[in-house]
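**Q** Following this message is one structure expressed as structure tokens.
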Amino acid sequence: TENVTQKPVLDSVQSFENIINFVNTKLIFRGLSLEQWYNQTKFPEIPVFADKEEILKLNSLVINKSELIYKNTAIAKGALVSAKARYLANVQAYKVNCLDEIEEQNKNGAKKSKPSSEILEAKASVHCKNDQQTVVLAEIVYDFWKYQVDKLQLFNTRLTSMNISLHNDEKYANANT
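My numbering applies: residue 1102 is where the sequence shown begins, and numbers increase by one.
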């Protein structure tokens, strides 16, 4: 029985690895995989001690990456909202068509009862599974970009602290001369 129990676990692990590989390398957003986007949005380590020139370079880097990250976050959010709207519209259209079909059959002498709202919802979900999967993929991409925004904001906070420290150091150094 030990082998029987381990098989589903191993299958689950393999399935999970396949999902990770898909999300990382095969899920394409604006021509690049999420792994490629991640590499484009990496930030360097902030040095413990940085001079004014290094801080200016880091500030410039933040500005450039901010544009990329915020633009892609907005596009990902738009794609997610569109995917959700399409899914909901298709689910609603399926439900209406299903009920209209039953009504038409009943006009022609059939005695079909309308399905419960739960059954109708389940049938519509199954019918629109591709749209539902698109929503899930759009959520993954949007979450990826939200993480990049968080990373950018953390980096920027650290950089701001360094800017303030450098400014204060210069101010006190000038005051003592």
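Each residue gets a CB set at the ideal place from its N, CA and C atoms; glycine is no exception.
Are three or more beta carbon pairs between the segment 1184-1196 and the segment 1212-1230 nearer than 8 Å?
**A** Short answer: they touch.
**Q** With DSSP as the reference, identify every bridge partner of F1144, one or two as the case may be.
**A** Taking the first residue of the sequence shown as 1, we reach residue 1144 at position 43. DSSP lists no partner for F1144.
**Q** Beta-carbon within less than 7 Å of Q1348's beta-carbon, same chain only, minus the 5 sequence neighbours each way: which residues are those?
**A** Any question about residue 1348 goes unanswered here, given that the chain covers just 1102 to 1278.
**Q** Rounded to the nearest angstrom, what separates A1180 and F1256 at their Cα positions?
**A** Taking the first residue of the sequence shown as position 1, residue 1180 is located at position 79. Taking the first residue of the sequence shown as position 1, residue 1256 is located at position 155. Using only the alpha carbons, I get a separation of about 27 Å.
**Q** Could you tell me if N1122 is buried or exposed, where buried requires 16 or more neighbouring beta carbons within 10 angstroms of its beta carbon?
**A** Locating residue 1122 in the sequence shown gives position 21, where the first residue counts as 1. So N1122 ends up on the exposed side.
**Q** Checking 7 Å against the spacing of the C-beta atoms, do D1232 and Y1188 come in under that value?
**A** In the sequence shown, the residue the question calls residue 1232 occupies position 131. In the sequence shown, the residue the question calls residue 1188 occupies position 87. For D1232 and Y1188, yes; Cβs fall inside 7 Å.
**Q** Which of the three DSSP states is assigned to V1159 in this structure?
**A** Position 58 of the sequence shown, counted from the first residue, corresponds to residue 1159. Checking the sequence shown, residue 1159 turns out to be Leu, not Val. Helix, per DSSP.
**Q** Relative to the alpha-carbon of I1147, which residue among Q1137, D1244, L1159 has its alpha-carbon at the smallest distance?
**A** If you number the sequence shown from 1, residue 1147 lands on position 46. Ranking the options by Cα distance to I1147, first place goes to L1159.
**Q** For F1117, count the other beta carbons within 10 Å of its own beta carbon; 16 or more makes it buried, fewer makes it exposed. Which is it?
**A** Start at 1 with the first residue of the sequence shown, and residue 1117 comes out as number 16. That one is exposed.
**Q** Excluding sequence positions up to five away, which residues of its chain have a Cβ less than 7 Å from the Cβ of T1126?
**A** Counting from 1 along the sequence shown, the entry for residue 1126 is found at position 25. Answer for T1126: S1134, E1136, listed in chain order.
**Q** What does DSSP give as the partner residues of L1133 in its beta bridges?
**A** Here the question's residue 1133 lines up with position 32 in the sequence shown. Note: L1133 sits in a beta bridge opposite F1130.
**Q** According to DSSP, is F1064 part of a helix, a strand, or is it coil?
**A** Given a span of 1102 to 1278 for the chain in the structure shown, any question on residue 1064 remains unanswerable.
**Q** Tell me where the alpha helix (DSSP H) around A1239 begins and ends.
**A** Residue mapping note: residue 1239 aligns to position 138 of the sequence shown, counting from 1. Run containing A1239: 1230-1276, per the alpha helix (DSSP H) assignment.
**Q** I1203 and K1212 look like a contact to me (Cβ under 8 Å); what is the Cβ gap, rounded to whole Å?
**A** Counted from its first residue, the sequence shown places residue 1203 at position 102. Counted from its first residue, the sequence shown places residue 1212 at position 111. Between K1212 and I1203 the Cβ distance is about 10 Å, and since that is not below 8 Å, they are no contact.
**Q** Round the Cβ separation of V1114 and K1185 to the nearest angstrom and send it over; I've been treating them as touching at under 8 Å.
**A** Numbered from its first residue, the sequence shown carries residue 1114 at position 13. Numbered from its first residue, the sequence shown carries residue 1185 at position 84. No, V1114 and K1185 are not in contact; Cβ-Cβ is about 31 Å, not under 8 Å.
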